[in-house]
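Protein chains in written order, with the UniProt record's numbering: chain A, 1 to 316; chain B, 1 to 316. The structure appears below as C-alpha cells.
Protein chains: 2
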Amino acid sequence: MKKLDEKKIIDIFQRKLGNKKFISEDVEKFTLGKTKIIAKTDTMVQSTDIPQKMGLLDAARKSVIACVSDFASKGVKPEYGIISINIPKSISTKEINNIANGFKKACKEYEISIVGGDTNEGKEIVFNVCIFGKSDRIVTRKGSNKGDLIFTTGPFGYTSLGLEILLGNNKKINNLIKKSVKSVINPKPRLDYGLKNKRYFSSSMDSSDGLSTTLNEMSKQSKKKFVINKIPINRDLENYFKKHNRDFNSAIFHGGEEYEFVFTIPSKYRKIIIKNSILLKTPIIEIGYVELGKGVFIQNQNEEFKLKDLGWKHFK
Amino acid sequence: MKKLDEKKIIDIFQRKLGNKKFISEDVEKFTLGKTKIIAKTDTMVQSTDIPQKMGLLDAARKSVIACVSDFASKGVKPEYGIISINIPKSISTKEINNIANGFKKACKEYEISIVGGDTNEGKEIVFNVCIFGKSDRIVTRKGSNKGDLIFTTGPFGYTSLGLEILLGNNKKINNLIKKSVKSVINPKPRLDYGLKNKRYFSSSMDSSDGLSTTLNEMSKQSKKKFVINKIPINRDLENYFKKHNRDFNSAIFHGGEEYEFVFTIPSKYRKIIIKNSILLKTPIIEIGYVELGKGVFIQNQNEEFKLKDLGWKHFK
Numbered sequence: 001m002k003k004l005d006e007k008k009i010i011d012i013f014q015r016k017l018g019n020k021k022f023i024s025e026d027v028e029k030f031t032l033g034k035t036k037i038i039a040k041t042d043t044m045v046q047s048t049d050i051p052q053k054m055g056l057l058d059a060a061r062k063s064v065i066a067c068v069s070d071f072a073s074k075g076v077k078p079e080y081g082i083i084s085i086n087i088p089k090s091i092s093t094k095e096i097n098n099i100a101n102g103f104k105k106a107c108k109e110y111e112i113s114i115v116g117g118d119t120n121e122g123k124e125i126v127f128n129v130c131i132f133g134k135s136d137r138i139v140t141r142k143g144s145n146k147g148d149l150i151f152t153t154g155p156f157g158y159t160s161l162g163l164e165i166l167l168g169n170n171k172k173i174n175n176l177i178k179k180s181v182k183s184v185i186n187p188k189p190r191l192d193y194g195l196k197n198k199r200y201f202s203s204s205m206d207s208s209d210g211l212s213t214t215l216n217e218m219s220k221q222s223k224k225k226f227v228i229n230k231i232p233i234n235r236d237l238e239n240y241f242k243k244h245n246r247d248f249n250s251a252i253f254h255g256g257e258e259y260e261f262v263f264t265i266p267s268k269y270r271k272i273i274i275k276n277s278i279l280l281k282t283p284i285i286e287i288g289y290v291e292l293g294k295g296v297f298i299q300n301q302n303e304e305f306k307l308k309d310l311g312w313k314h315f316k
Numbered sequence: 001m002k003k004l005d006e007k008k009i010i011d012i013f014q015r016k017l018g019n020k021k022f023i024s025e026d027v028e029k030f031t032l033g034k035t036k037i038i039a040k041t042d043t044m045v046q047s048t049d050i051p052q053k054m055g056l057l058d059a060a061r062k063s064v065i066a067c068v069s070d071f072a073s074k075g076v077k078p079e080y081g082i083i084s085i086n087i088p089k090s091i092s093t094k095e096i097n098n099i100a101n102g103f104k105k106a107c108k109e110y111e112i113s114i115v116g117g118d119t120n121e122g123k124e125i126v127f128n129v130c131i132f133g134k135s136d137r138i139v140t141r142k143g144s145n146k147g148d149l150i151f152t153t154g155p156f157g158y159t160s161l162g163l164e165i166l167l168g169n170n171k172k173i174n175n176l177i178k179k180s181v182k183s184v185i186n187p188k189p190r191l192d193y194g195l196k197n198k199r200y201f202s203s204s205m206d207s208s209d210g211l212s213t214t215l216n217e218m219s220k221q222s223k224k225k226f227v228i229n230k231i232p233i234n235r236d237l238e239n240y241f242k243k244h245n246r247d248f249n250s251a252i253f254h255g256g257e258e259y260e261f262v263f264t265i266p267s268k269y270r271k272i273i274i275k276n277s278i279l280l281k282t283p284i285i286e287i288g289y290v291e292l293g294k295g296v297f298i299q300n301q302n303e304e305f306k307l308k309d310l311g312w313k314h315f316k
C-alpha cells in the first residue's frame, strides 16, 4: 500500500537482484513446469494504510482486494492465496476473529482458496497477501496504439472524499458521504469485467496508485500521447466540490485507492465492451484517446493541459 | 519466525478459511494448470526476530534461508521468490543496500530468482519472503514406520549459545563462540542433501522450531514412538556446558533456529544415505529409531525419559 520513494529504493533492489530489463507491471510472472504463473503481493501496514475508523474486518478484506484489483486489470482469475500477518501481543480474540472474517469475506467474493501463511508477533498489525493464478498471456501496460480509446471501469474521486471523512471529524451523514466512505472501506475490483473483456484490451493497468500515475505510466510505456477529454467524475461528487468551491481534479487524478482499472481498446471494440459493461453492471467511462506523441493531456475546449503524475508519491 | 500462540490463532484462521482437514506441513501445496507448486512464506520482524547485534545483511539473508530450510527438508528445489519489505522512514541508503545485498547473497547461494515484491513504510523492519518450486511428491511429516532410523542433518545447540552471546555482553572470543554466533547469523540449510536423498526418506521435517517440537510433531503425525538414543551434540559444545555446570538438553532440544532437518529412513538405506552425507559434506547424525507406540523418549542406559515439546511455544 503506502510505499517509500520507489525511484531510489526499488532501483537499489533491482540493481542488486539482477533484474536488468525491468518493466514495471501490475503482476509478477514466472513459469514452473509448463504453467505460466501470475502472482501479486500487497502489504497493508496499520500505521500507514489503515485509518483509525476503519474496522479490522474491512482492513483484512481490503488487503486481499488490493491484490485482486491488479488481477482484474490484467484479466487473470485469482485461484490461491497465502496470507502472512503480524499482530501485536495485545490483540484480542475478537480482533483475530474480525481479521479472519475479513479474509474469509474477500476470498468468498472472489473465489480464492487460502493454502497457508504465517502468524507473527510485531509492533503493529501487518497483512501481507500473495495471490496466484495462471495465464498464458496478460494484457500489458504498454500495448496502446494510435487511435485507441481510453476507458476507466468506474468513476473516480469518491475515495479521496471518503478518506478525508474517515480521517476527520465530520459528523454529517448523507448519501454522498456514505458512498464515499464505502468506496474506501469496501472497494470492489471489477474482476469479472477484466476476465470477460481482456481479449479486447490493447493495454491496461490497475489505478489504485492514482489515475494520473496510471495514465502517465501507460502513456510512457506505450510511447504514445494520452488525451483525456472526459473527467471520470459522477454528478453528485462534482456538485459537492462545486458547492464547496473546491477543485476536484486533485481528488479525481491524484487520490488513488479506487481499485478500478484503466484500459485502452482499438475503436472497433467500442460497441462490444459497452455492451459487456451493461451485462456485467460495470459502469465503464470513455475518458479519451491515444495519439502519436508523448505525455498525458487534459483537453478542455480548445486547450490542452499536461497532466502530471501526482499519484502516490510516497514519503513526501 | 517468532509466532503467537498458534493453537488459538491458527485454529481461528483455519476454521474461518475453511481448511477443515488441516495437516500441519513444512510447505504449502497447490496446483495450477498441470503443475504442482510448492510454496513457503516466512516473516522476519525486527522487534522479535533480529537481535540488535545482527546486521541487516545477515538478517535479510536469513529471511530467505528460513524458507529454503523448509524446502530442503522436503527435498524441493526453490526456483523463484517474492520479497515484501517494510522499512521505517528513517532508514538510510546504506541500510537499504545492506538489505538488498543480504537478499542477493541468499538468492545466489540457493539459485533463486526474485520475480517481484513490494516496499512499504512501517514502524519497524519486516521482511516477508515467499519462495516457489515444483514437485510431484513431497516427503511428509507423517510417513515413518516401525524400525525406521531417525537422523538429523547436523549437530544441534550452537544457536542457543550463539543467541545467548548475541543478546548478552560477552566479550570473550574463542572458536566455540565464533561458531555459535555464526550458527545464528549465517545458517546454511542442507538443500543439496534434501534434494539428493529425499527418495530414501519415509518422513522429514525442518527443525527450526526446535528439535523437541520437530520430533514430537513427526511422532504424532506418524502415530509412532520415537526413541532417541544419541543426542546430536558436538564435543566442543558438550564440554562447554559441562565446564559451566549447565544442562545442555534445553539448548539441544528446545532452542530452535538450527535450520537443519530431521528425517527417517527404512534401515536398508542406512549405507547409501551415509555415503551421500560424505559426498555432500553434510554431517548427518543417527539419533534413534521408530517403534510402535506414541511419544518421543530419550533412552539413557536402561531408562527412558519422555521428551516434551518445548520448542518455540510463542508468546509465553
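Every residue gets a Cβ at the ideal spot worked out from N, C-alpha and C, and that includes glycine. Please read these numbers as outputs of a predicted model, since none were measured by experiment.
Put simply, the CB of Leu-191/A is far from chain B, with every gap to its CB atoms at 7 Å or more.
A direct Cα-to-Cα measurement between Gly-311/B and Phe-261/B gives close to 14 Å. In this structure, Lys-146/A and Lys-224/A form a Cβ contact; the two beta carbons are roughly 7 Å apart against a cut-off of 8 Å. When DSSP states are grouped into helix, strand and coil, Met-54/A belongs to the coil group.
Our two residues, Gln-14/B and Ala-60/A, have alpha carbons roughly 15 Å apart in a direct line. Contact with chain B is found for Glu-124/A, since one of that chain's Cβ atoms lies less than 7 Å from the residue's Cβ.
Annotated three-state conformation of Glu-109/B is helix, per DSSP. At least 7 Å separates the beta-carbon of Ile-274/A from that of Phe-156/A.
The Cβ neighbour count for His-254/A, taken over all protein chains shown within 10 Å, is at least 16; the residue is labelled buried. In the three-state scheme derived from DSSP, where H, G and I count as helix and E and B as strand, Ile-85/B is classed as strand. The beta carbon of Asn-120/B is closer than 6 Å to those of Asn-86 in its chain, skipping five residues each way along the sequence. Within the DSSP secondary-structure output, Ser-204/A pairs in a beta bridge with Phe-263/A. Taking CB atoms only, Cys-67/A has no neighbour in chain B less than 7 Å away. Taking all protein chains in view, the Cβ of Leu-279/A is surrounded by fewer than 16 other Cβ atoms within 10 Å, so the residue is classified as exposed.
An exposed status is given to Ile-272/A, since fewer than 16 other beta-carbon atoms sit within 10 Å of its beta-carbon.
Straight across, the Cα-Cα distance linking Ile-138/A with Asp-192/A is about 15 Å. The Cβ atoms of Lys-40/B and Ile-131/B lie closer than 7 Å to each other. In the DSSP assignment, Tyr-80/A forms a beta bridge with Ser-113/A, Phe-132/A.
For Tyr-80/A, the C-beta contacts it makes with chain B under 7 Å involve Phe-30, in order along the chain.
Assignment of Asp-49/A by DSSP, reduced to helix, strand and coil, places it in the helix class. Beta-bridge annotation (DSSP): Leu-149/B is paired with Ile-265/B, Tyr-289/B.
For the 7 Å CB-CB criterion, Ile-23/A and Gly-133/A do not form a contact. Between Val-184/A and Leu-211/A, the CB-CB gap reaches or exceeds 7 Å. Shown here, Val-184/A sits in a helix according to DSSP, grouped into three states. Comparing alpha carbon positions, the residue from Ile-265/B, Leu-149/B, Thr-152/B closest to Phe-201/B is Ile-265/B. Secondary structure note for Ile-272/B: its alpha helix (DSSP H) is the uninterrupted segment 270-279. Relative to the Cα of Thr-31/A, the nearest Cα in the group Gly-81/B, Gly-55/B, Ile-12/B belongs to Gly-81/B. Per DSSP, the beta bridge partners of Phe-30/B are Ile-37/B.
Distance from the CA of Lys-142/B to the CA of Asp-26/B, rounded to the nearest whole angstrom, comes to 12 Å. By the 16-neighbour rule on beta-carbons within 10 angstroms, Ile-150/B is buried. Thr-153/A sits close to Ile-284/A, with the two beta carbons spaced by under 7 Å. For the options Arg-190/A, Ser-180/A, Thr-140/A, the alpha carbon positioned closest to that of Glu-109/A is the one of Arg-190/A. For Ser-90/B, the closest Cβ of chain A is not nearer than 7 Å.
Residues of chain A whose Cβ lies closer than 7 Å to the Cβ of Asp-42/B are, in chain order, Asp-118. Looking at the DSSP output, Phe-297/B sits in a beta bridge with Val-227/B, Lys-306/B. Here the alpha carbons of Lys-268/B and Ser-203/A stand approximately 59 Å from one another.
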